[in-house]
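Residue numbers (mature numbering (1 follows the signal peptide of the UniProt record, and there is no 0)): -25 to -1, 1 to 183. Ideal Cβ positions, reconstructed from N, Cα and C, are used throughout, including at glycine. Following: one structure in structure tokens, then a few remarks.
Structure below.
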């Protein structure tokens, strides 16, 4: 009798242990109640904390803080075109850039404020991101400001292609690492629109 009962007891004990393990796994996966709001149970403690604060994370903050001065410089470059560009296409492109990026600057500034983060001051990060984000140096900006006509058109497009490539890279990082859906949506729009503008500028430069 004992030999017949013991497998049953072992089976029951194993089932109980398995159930306990499932309960522990469920508790451990959530971390806190906010992390399971979308059905995922793999959120880290830091992600759980960000969820309770509007579901943003450090990547979202870095995206906004990096993209605001990046956009400001693009708008500054675009503002030169009406009085310096020769090509109507370049003038139209510059206006499109200004119309797209001005509102995005305001939106990202609003995010940072709502998150309790500092909005970058005008002129901030002028020397900190060269070579990694496509931002122009002071010397490059001076060259653009001092050119006109076809020389301006060429310089503007060559610089803006580099500038856009940096923005696209930053936006792709946000898409991969960010948690705040409006920021990820904006990042996707930046990738789409600026990749299209890069193609357009390369064609105008005769590179495609």
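According to DSSP, what are the bridge partners of residue i?
i, result
"residue 60", "124"
Which residues mark the beginning and the end of the alpha helix (DSSP H) in which residue i is found?
i, result
"residue 177", "156 to 179"
"residue 184", "Summary: the structure shown does not reach residue 184, with the chain confined to residues -25 through 183, and so no result is reported for it."
Which same chain residues end up closer than 6 Å to residue i when comparing Cβ atoms and leaving out the 5 residues on each side of it in sequence?
i, result
"residue 86", "39"
"residue 61", "124, 125, 128"
Ignore the nearest five residues each way along the sequence and tell me which others in residue i's own chain have a CB closer than 8 Å to its CB.
i, result
"residue 50", "72, 73, 76, 77, 80"
"residue 172", "68, 71, 72, 135, 139"
Tell me the rounded alpha-carbon separation between residue i and residue j.
i, j, result
"residue 141", "residue 37", "14 Å"
"residue 135", "residue 157", "25 Å"
"residue 176", "residue 59", "17 Å"
"residue 95", "residue 44", "7 Å"
"residue 120", "residue 109", "18 Å"
"residue 150", "residue 112", "27 Å"
"residue 148", "residue 132", "24 Å"
"residue 143", "residue 155", "18 Å"
"residue 174", "residue 42", "21 Å"
"residue 180", "residue 114", "22 Å"
"residue 93", "residue 182", "41 Å"
"residue 241", "residue 91", "Summary: the structure shown does not reach residue 241, with the chain confined to residues -25 through 183, and so no result is reported for it."
"residue 47", "residue 53", "10 Å"
"residue 170", "residue 137", "11 Å"
Near residue i, which residues of its chain fall below 7 Å by C-beta distance, leaving aside the five closest residues on each side in sequence?
i, result
"residue 146", "162, 165, 166"
"residue 66", "56, 57, 60"
Is any beta-carbon of chain D found at less than 9 Å from that of residue i?
i, result
"residue 113", "Within the model displayed, chain D is absent; a lone protein chain is all it includes."
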